[in-house]
Every structure is written in C-alpha cells, then in structure tokens.
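Under this note's numbering, residues 20 to 546 are what the sequence shown spells out, in order.
Beneath this line is the structure, given in structure tokens, with notes to follow.
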Amino acid sequence: MWLVANNTRLEILNLANNSLTGPLTLHLNSTHVDMFWFDVSSNHIQGELLPLIGYAFPNLTTLNMSSNSFQGSIPPSLGNLSLLDTLDLSNNNFSGQLPEHLVTGCVSLAILKLSNNSLHRQFLPSKSNLTMLNALFLDSNFFFGEIPRGILNSSELLLLDLSDNLFSGKIPDWIGDLPLYSLTLSKNALEGPIPFGFFKSDELRFLDLSWNNLSDGVPSCVNLLSLRFLHLQGNEFSGPLPSFPSSLLASSLVTFDVRDNKLSGKIPSWINSFSNLRVLLLGVNNFEGTIPFQLCDLRNISMIDLSSNEFSGSIPSCLHGIKVVNVDQAIPVPISILDVEEEVEFITKSRSETYKGNVLYFMSGIDLSWNKLTGPVPYGIGYLSDIHALNLSHNHLSGPIPNFFSNLRQIESLDLCHNSLSDQIPLKLVELNYLSVFAVAYNNLSGRTPERKAQFATFSEHSYEGNSLLCGVPLERRCITNEEMSPPPQPSYALQDDTFEVAFLSTFWPTYAMAFVGIIVILYYCP
20 MWLVANNTRL EILNLANNSL TGPLTLHLNS THVDMFWFDV SSNHIQGELL PLIGYAFPNL
80 TTLNMSSNSF QGSIPPSLGN LSLLDTLDLS NNNFSGQLPE HLVTGCVSLA ILKLSNNSLH
140 RQFLPSKSNL TMLNALFLDS NFFFGEIPRG ILNSSELLLL DLSDNLFSGK IPDWIGDLPL
200 YSLTLSKNAL EGPIPFGFFK SDELRFLDLS WNNLSDGVPS CVNLLSLRFL HLQGNEFSGP
260 LPSFPSSLLA SSLVTFDVRD NKLSGKIPSW INSFSNLRVL LLGVNNFEGT IPFQLCDLRN
320 ISMIDLSSNE FSGSIPSCLH GIKVVNVDQA IPVPISILDV EEEVEFITKS RSETYKGNVL
380 YFMSGIDLSW NKLTGPVPYG IGYLSDIHAL NLSHNHLSGP IPNFFSNLRQ IESLDLCHNS
440 LSDQIPLKLV ELNYLSVFAV AYNNLSGRTP ERKAQFATFS EHSYEGNSLL CGVPLERRCI
500 TNEEMSPPPQ PSYALQDDTF EVAFLSTFWP TYAMAFVGII VILYYCP
C-alpha cells in the first residue's frame, strides 16, 4: 500500500470490487489524519489485519473490509477510532472474541457488521459505550450462551441480527424495551415461550424467530398494527392460531410464516382481515377442516402454502379470484436502508427454493399437497394466468385435468401426481412454454401422452408413470391405432384359391357321374 504511505493527505481510498490479492501491507511510519473513508471490500485480500491499523487512521468514519479472506483476530486498536460511524468486517475468516476495546472506544459507531466470520464467545462484552448504535449484525458466527444485555444497551438500536449462532436459553424480556424495527434471532437454540414484554414496541416491522425450540402457542399479544413480516417457522408452537383482538386485525402484515410447527385447529375466519397479506405459509402442521373461502378475499396474495396438513373437502372454486401480484405491485421492505431483505422458502420444481429481495416479488404459487382434499380440480384455477407454481399432489382429487390449465401461461411447475384424476391429458398443455416440471404420475389417466414438442419433449417417463391406461412416448407402452384394432384384410391370393375351389367342385361331380354311368353301359353291352 505504497499509495497510502506516500499520500498522507489522502481523504478517500476506495478500492472496492476489484481482484486485489495478497496481504494488506501498510507502512505505518506516519498517521493519516485526513483519511475518513477506507474501502477495500469485495477483493481477495488475505492474511491478518495489522494490529496498529486503528492508530494509523485516527479520523476514519467509514471502514469497510468485507468480503475478503482476512483471518486472525480483530485488532483491539480499532477501538481508537472514536469518530468511526460504520465498521464492516463481514464475510471474512476472523476468529476469536469480540474485543471489548472496540465496543468501548468506538463511541460514534452506528453500524457494526461482523456477519459470516468465525467469532465466538459465551458472553458478549459486558461493557459498552455504543450508545449511538443503529444496526448490529453478528449473524453466522459461533457465539453461544444466553443473550446478554452487554452491548445491546443502545437506545437508538433499530436493527439486531443474531441469527445462525449457538445462543440458547429463553428470549430475554428486556428486548421489548429496545426501539427495534427489525429483529432476527433465527437458527439458534432458543427455547420457551415468547415473552409478553417482547411486543411492547410499536415500531417493530420485521421479526424472525424461525428454527429454534420455542414452544407454547403463538401469542395473541403480537402487535399486528405495526408488524409486516412475521417468521416463526421450525419451532414447537402448538394449539390453534390465537384470536387476535379486532382492533389489531386491520394490519399491515405482509408475510405470515408458521410452517413446521405443531399448530392445529382450523384456519380462523379472521384471516381475510389481513388485506395486505402477500405470503401465507401454514404448511407442515396439524391444521384440519376445510379450506375456508375467506382465503379468496386475500386479493394481494401471491404465495399460499397449506401443504402437509389434514385439510379435507374440496378446493374452493373461488380461488380463481386471487390476484397474483407482480413486481410492479410489490410492497417494498420498510427498512431496506438498513440492508434488511425479506426471504421466503417455497417448494417448487420438486425442491425448496429461497426467494429474497426483488426476486421474491416475481414469485407466485399455491401448494395444497399432502392433504385429504377430494372432488374435482376447480376449472377456475385456470384463470391464475400469472402463477408460477401449482402443487396439488398427494390428495384424493378426481375428475379430469381442466382444459383451462392451458391458460397458466407463466407456470413453471405443475404437480398433480398421486391423486385419482381420470380421462385424457389436455393436449393444449403443450402451449405452456415455461413449464419445466410436469408431474401427473399415479392417477387414473388414459389415452395418449401429449405431443413431444417444446417443453414436453424434456419430460421423462417419471412424469407419467403409474397410469395403466396411458400410452405413448416416453412411456414404453405403445398406443394402438384404430387401424390396428380392426381385422386385417384378406390377401388377394386367398380369394383366388377360394374361387378355384368352387369352380373345381362344381364341375368335378357331374363329370364323375357321367363317366361312371358310361362305364356301366359299356360293361353291360360288352361284357
């Protein structure tokens, strides 16, 4: 870094998004008091961070060394940067503990990003002067033990991400005292119920507690008036969904995710009060009863997952009224200024996909698989022309596949397997140009498979197997034509042989009789 050594009056050094390699070497023979912006992010820089780096640039306000290959411990000298506003060391290989001098000396720090490293400690530093901190990212490290108050004492803290660590114990009640807009505690080992004080804040917009060991029911004290994204997937929540006060139902909730729990009962009728709901994920629970028609009132919905439950009865025919929103109607994440992106998992194309950011706004789908649904497939579903994924597999649906399915112009995955569907596969389905997964296996379908052209030329026999009356490529069962079913015409030589036989017999017997009589007469007169 001779450039830094020879330019002591340099104020901004931005080398981000290049291909710089090797260690970061600085000739620290003088301080760079004018430097306030130092950014070498998104390179391939290796090695340890120089221990005295914090003394070389005493007036830095922004230090970004993210997305490199730095290793070793974080230098305590960074605590000397009392004017530092933003420190981003994320996506490296830093290890060891979080230096206490860092959180006591950087009194102006507003954004601290240490995500995706190998930092560890049972307790975070207990002393802290980070009273100006707005956003703290400690996700994807190896911090363990209970969540301490420690550095979380800023009255300005708006975003806290402790996800993908080894934190255990209960969620502390005092978190409800923080003025948080976004809180992410997912992928830890937290247990027990959600504390009531947890929802004191009227400012919380984004809450992710998924993939822990939280238990009891979903609390009815959730402040739905402010909350927009609620993720509770992969816990031990049980019982029915709560009866929220009517004053909270006119909410701004956009995502409601309670998949992979032990919830039971019916979908409550108040579900249609979430007029802004775009993502409803109730899969892998013990919900029962019929699918309520109130779901059809969710005019902004784009993703519905009711899979792996005990739902019975028929699919509501009114589902065709759902307006699958597109990117032009997308609701932006309210705290994008703090780099918070909404992220949703949805099973499509026979695998779980993760959609986040703007990509999420392009995705739409309905998953009703692995239930006990009966009756025909509603023809009205064919009106969902913007839907990308439809999964009705592993139910007891009967009747034909609606011809209107050819109107699903944007569909990429259509799974109807393991039902009792009958009749022929609509030939117009070959017009679905974006279809990459098509599954109708193990039904009672008959007739010929669709023509092998466009996307349908890519589907194997696994898409059609288990239908004993279905024939045609790619199945090994060849279709019999009408000509093959009629009796074969007799060869011309056979007709000729029959005519000769008739003519022979018609002349042989008279001739034989005349010859016999002639012999008798001759023998009589000429013995």
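No residue lacks a Cβ here, since even glycine has one placed at the ideal position from N, Cα and C.
These numbers were taken from a predicted model, which means no experiment stands behind them.
According to DSSP, residue pairing for GLN90 in a beta bridge involves GLU67, ASN112. With respect to PHE113, ASN136 sits close: the two C-beta atoms are nearer than 8 Å. Residues SER441, ASP442, GLN443, ASN486, LEU488, LEU489 of the same chain have their beta carbon placed closer than 8 Å to that of SER465, with the five preceding and five following residues left out of the count. Counting along the chain, GLY73 sits inside the alpha helix (DSSP H) bounded by residues 72-75.
When secondary structure is reduced to three states using DSSP, ASP58 falls in the strand class. Under the 10 Å beta carbon count, LEU244 is surrounded by fewer than 16 other beta carbons and is classified as exposed. Inter-residue distance for THR468 and ASN280 is about 40 Å (C-alpha atoms, whole angstroms).
Under DSSP, VAL456 takes part in a beta bridge, and its partners are SER432. Rounded to whole angstroms, the separation of the alpha carbons of ASN319 and TRP289 is 16 Å. Between GLU67 and ASN111, the alpha-carbon positions lie close to 11 Å from each other. The three-state secondary structure of PHE263, taken from DSSP, is coil. Cβ neighbours of VAL241 within its own chain (closer than 6 Å, five residues either side excluded): PHE218. When the alpha-carbon of PRO397 is set against those of GLU480, PRO419, HIS407, GLY41, the nearest one is in PRO419. Burial check for ALA408: the Cβ neighbour count within 10 Å reaches 16 or more, so the residue is buried. Cβ neighbours of SER388 within its own chain (closer than 6 Å, five residues either side excluded): SER326, ASN410, SER412, HIS413. DSSP places ILE166 outside both helix and strand once states are collapsed to three, so it counts as coil. By the Cβ-count criterion, VAL298 is buried, with 16 or more other Cβ atoms from all chains shown falling within 10 Å of its own Cβ. Burial check for VAL59: the Cβ neighbour count within 10 Å reaches 16 or more, so the residue is buried.
For the pair ASP227 and SER134, the Cα-to-Cα distance works out to about 17 Å. Under the three-state reduction of DSSP output, LEU97 falls in the helix class. Less than 8 Å divides the Cβ of THR80 from the Cβ of ASP104. The DSSP assignment places 130-132, 137-140, 154-156, 161-164, 178-180 as complete runs of the beta strand (DSSP E) inside the stretch 122-184, in order along the chain (cut-off: 3 residues).
In this structure, the CA atom of GLN474 is about 48 Å from the CA atom of GLU222. Annotation note: the stretch 354-411 contains the following uninterrupted beta strand (DSSP E) runs of length 3 or greater, listed N- to C-terminal: 362-367, 370-375, 384-386, 391-395, 408-410. Apart from sequence neighbours up to five positions away, the residues of its chain that approach SER61 with a beta-carbon distance below 6 Å are ALA35, ASN36, SER86, ordered along the chain. The three-state secondary structure of ALA35, taken from DSSP, is coil.
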